[in-house]
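Chains as they are written, first to last, in my numbering: chain A, 1 to 333; chain B, 1 to 333.
First comes the structure, then the notes that go with it.
Written out as C-alpha cells, the structure reads:
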C-alpha cells in the first residue's frame with residue numbers, strides 16, 4: 001500500500017476491503033465490527049440517547065489532540081450532556097484523494113485510543129473518497145448511542161439563585177486551534193486544546209448534586225451556550241469576570257488574535273446549572289477528577305435582565321454577552 | 001435569508017439557529033427534534049441495529065432522486081439488510097460555502113418525504129460549512145437505529161442448491177448517475193435511478209421464505225456484493241446471464257460508457273440467498289410489491305469453483321466475475 005489514499009479506496013471494491021482489514025479492523029477490534037455487515041447489532045434495553053457530529057477541523061492536528069480524538073470526544077460529550085452513558089459509535093470518513101495513509105493511521109489510532117478510554121465501541125462505519133480539490137484532507141462523522149442514566153430537568157426548571165459552574169478553564173480548544181491555523185504556535189508553547197471525554201466528570205456531577213442542565217460549550221463558546229440556556233426564559237445569567245478560569249496563555253493568544261475567550265470553543269468542558277445548595281458538592285466532585293481541577297462557579301441565575309447573559313467586569317461595569325453572530329472561528333471542530 | 005449558505009451558518013451561532021428553526025425543524029417535525037438537545041432520547045427495548053453512511057454523490061441531483069432521498073434510502077436499507085426495522089436517523093451536513101439555499105431546501109424536503117414514506121424519524125443532526133474550494137456542494141451523513149426483527153443466518157449457512165435472487169433490475173442507479181455526470185442525459189430518456197427504501201420488500205421476503213443473507217448491492221454492484229458472499233467460503237455462485245433483469249436503457253448506457261451493469265451500483269435493490277424450496281415464495285412476495293415487479297432468480301449456489309462468482313453467458317461460455325478492483329464509479333453515493 002503506498003502512502004497515498006486514491007479514489008480506489010472509496011470504491012467499495014478490493015482496495016476498500018484492504019483499508020478495512022488492514023487499518024480499521026485491527027484498530028477497533030470488537031466482535032460487532034468483525035461481522036462486517038452494513039449495520040451493527042447492539043443490545044439495548046433502556047431508553048437510548050442518539051447523537052451525531054461531523055468534524056471538519058482545520059488543521060486536523062493540534063496541540064492536545066487531532067480530528068480523531070475530537071470526533072470521539074465530540075459525540076461522547078453530546079451523549080453525556082443529554083444524560084446518557086455513551087456505548088456505541090459509528091464512524092464515517094470523507095477523505096480527499098491524496099491524503100496520506102500515515103496521517104490516516106495516526107487519526108485512526110487516536111480514535112481507537114480515545115474510544116477505549118471512554119468505554120465506547122466503534123460498531124459500524126463508512127469510507128468515502130472525493131477527488132483532490134473537492135474536500136480538504138479529511139472530514140469525519142461520528143454518531144453515537146448511549147443509554148440514559150439521568151433525566152435532566154432542562155432549562156425550564158432553572159430558577160433565580162441557581163449557580164452556574166464550568167468544569168475547567170475556558171477557550172483552550174478554540175485559542176489553540178486558531179493559533180495553530182495561523183502558524184503562530186511555537187515549540188514550548190503551553191497552549192493545548194482541552195479536548196477530552198466528559199463521561200466521568202458528568203457522571204460525578206450527576207451523583208453529587210441537583211443538575212438542572214449540562215451542556216458542553218463547543219462552537220460559539222461559553223457565551224453562546226449560556227445564551228441557549230436563557231433565551232426565551234424569564235431569568236438572566238450573571239457572570240463574574242473575576243471568577244472565569246482562563247489560562248494566561250489562552251488570554252494572550254486571544255489578545256493576539258482579537259478573540260474573546262468567552263466565544264472560543266471548548267471540547268472537554270461543560271457548563272452546569274445547579275441548585276444553590278448543591279453547587280459546592282458538585283464543584284468538590286469535579287475538582288477530584290482529571291480535567292476538573294479548575295472547576296469553578298462563574299455565575300448565578302438572576303432576574304436582572306430576563307433572557308440575557310450579563311458579564312460583570314472586574315472594574316465594576318457590566319455588559320450583555322450576546323450569542324455569537326456570524327463566524328468567529330470556522331472549522332474549529 | 002439570501003439564497004447562499006455562508007460560513008456563518010456553520011458557526012453554531014445565530015445563523016445556525018435560523019437554519020435549524022427555519023428549514024430543518026419544519027421539515028422533520030417531531031417531538032425528539034423539538035428538544036434541540038445535543039442528543040436525542042429514543043425509547044429502546046430490544047436488540048438494536050445501528051448503521052451509518054456518508055453521501056458524496058456527484059451530481060447531487062439525478063433522475064429518480066437526489067442526495068437527500070439517497071441518504072435516507074442508503075441507511076434505511078443497510079438496517080433492513082441486517083434484519084432490522086429502521087426507526088431513527090441522524091443527519092449531518094457538510095456544506096460548501098456558496099451552496100444555494102434553494103438546493104438545500106429541495107434536499108431537505110426530499111429527506112423529509114422519504115423519511116415519512118419509510119416510517120423513520122430524523123431525531124438528531126449537525127451542520128458544518130467549509131470554505132468554497134474545500135468541499136463540493138454538499139456531503140451528507142446519516143446514521144440509523146433499527147430494532148431487530150429477524151436473525152439472518154449469514155453466509156456460513158449458505159449451501160449448494162440455494163437460490164440467488166435479486167429484487168429488481170440491476171445497475172439503474174450507477175448507469176443513471178454516470179450518464180447525468182457525463183452530460184449525456186436528455187429529456188425523455190427513460191433512465192432512472194432505482195433509489196428506494198427496501199423496508200417493505202425486505203419484510204415481505206423475510207415473511208415469505210428462508211433467507212440465508214440479504215445485501216443491497218451499492219458501490220461495486222451485484223458482482224462485488226456476490227463476491228462478498230462467496231469469499232473464503234467453500235461454495236461458488238453461478239449466475240445465468242440470460243436471467244439477469246437489465247433494462248435496455250441501462251444496457252445501452254453501459255455500452256456507451258464502457259461499464260458493466262453487474263458492477264454498477266443499485267440503491268433500491270437487494271440480493272437474497274434463499275433455501276431452494278422457498279425461492280418461489282420469496283419471488284412471489286417480492287413481485288407483489290412496488291419496486292419488486294421484476295424480481296428474479298439470477299443464479300444458484302454450486303460447488304463448481306469454491307469462493308468464486310461465475311457468469312454463465314448466453315452463448316454458452318462462462319467467466320469469473322471478480323470483485324471490483326479500482327474505481328469504476330467514484331462518488332456514486
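By construction, the Cβ of each residue, glycine as well, lies at the ideal position given by its N, Cα and C atoms.
Every value quoted in this text rests on a predicted model; they were computed, and no experiment measured them.
Nearest chain A C-beta to residue i closer than 8 Å, yes or no?
i: residue 130 of chain B; result: yes
What number of angstroms, rounded off, separates the C-alpha of residue i from the C-alpha of residue j?
i: residue 212 of chain B; j: residue 182 of chain A; result: 56 Å
i: residue 209 of chain A; j: residue 202 of chain A; result: 11 Å
i: residue 70 of chain B; j: residue 142 of chain A; result: 19 Å
i: residue 152 of chain A; j: residue 82 of chain A; result: 7 Å
i: residue 273 of chain A; j: residue 163 of chain A; result: 6 Å
i: residue 263 of chain B; j: residue 223 of chain B; result: 6 Å
i: residue 130 of chain B; j: residue 93 of chain A; result: 16 Å
i: residue 265 of chain B; j: residue 169 of chain A; result: 50 Å
i: residue 282 of chain A; j: residue 205 of chain A; result: 5 Å
i: residue 154 of chain A; j: residue 197 of chain A; result: 22 Å
i: residue 161 of chain A; j: residue 269 of chain B; result: 59 Å
i: residue 135 of chain A; j: residue 61 of chain A; result: 17 Å
i: residue 314 of chain A; j: residue 6 of chain B; result: 36 Å
i: residue 285 of chain A; j: residue 175 of chain A; result: 27 Å
i: residue 243 of chain A; j: residue 117 of chain A; result: 31 Å
i: residue 299 of chain A; j: residue 238 of chain A; result: 5 Å
i: residue 302 of chain B; j: residue 319 of chain B; result: 15 Å
i: residue 65 of chain B; j: residue 137 of chain A; result: 28 Å
i: residue 323 of chain A; j: residue 260 of chain A; result: 13 Å
i: residue 127 of chain B; j: residue 308 of chain A; result: 25 Å
i: residue 39 of chain B; j: residue 333 of chain A; result: Unreliable positioning characterises residue 39 of chain B in this predicted model, as indicated by a pLDDT of 49, which lies under 50. A coordinate reading is not provided.
i: residue 258 of chain A; j: residue 79 of chain A; result: 32 Å
i: residue 297 of chain A; j: residue 167 of chain A; result: 9 Å
i: residue 132 of chain A; j: residue 9 of chain A; result: 14 Å
i: residue 119 of chain B; j: residue 23 of chain A; result: 36 Å
i: residue 122 of chain A; j: residue 189 of chain A; result: 33 Å
i: residue 59 of chain A; j: residue 97 of chain A; result: 17 Å
i: residue 108 of chain B; j: residue 73 of chain B; result: 14 Å
i: residue 77 of chain B; j: residue 216 of chain B; result: 7 Å
i: residue 289 of chain A; j: residue 150 of chain A; result: 20 Å
Please list the partners that residue i has in chain A, where partner means a Cβ-to-Cβ separation under 7 Å.
i: residue 54 of chain B; result: 92, 94, 126, 128, 141
Name the chain B residues whose beta carbon is nearer than 7 Å to that of residue i?
i: residue 331 of chain A; result: 130
Contact criterion: CB-CB distance below 8 Å. Does residue i meet it with respect to chain B?
i: residue 5 of chain A; result: no
i: residue 136 of chain A; result: yes
Am I right that residue i and residue j are in contact with their C-beta atoms under 8 Å? What's the rounded C-beta distance?
i: residue 334 of chain A; j: residue 125 of chain A; result: This structure gives no information on residue 334 of chain A, because the portion of chain A shown stretches from 1 to 333.
i: residue 139 of chain B; j: residue 54 of chain B; result: 6 Å
i: residue 230 of chain A; j: residue 86 of chain A; result: With 8 Å as the limit, residue 230 of chain A and residue 86 of chain A do not qualify as a contact, their Cβ atoms being about 28 Å apart.
i: residue 67 of chain A; j: residue 177 of chain A; result: Residue 67 of chain A to residue 177 of chain A, Cβ: 11 Å. No contact.
i: residue 306 of chain A; j: residue 233 of chain A; result: 7 Å
i: residue 185 of chain A; j: residue 63 of chain A; result: 7 Å
i: residue 99 of chain A; j: residue 145 of chain B; result: Not confirmed; about 30 Å, so no contact.
i: residue 247 of chain B; j: residue 172 of chain B; result: 7 Å
i: residue 101 of chain A; j: residue 3 of chain A; result: 5 Å
i: residue 165 of chain B; j: residue 252 of chain B; result: Going by Cβ atoms, the distance from residue 165 of chain B to residue 252 of chain B rounds to 25 Å, so no, they are not a contact pair.
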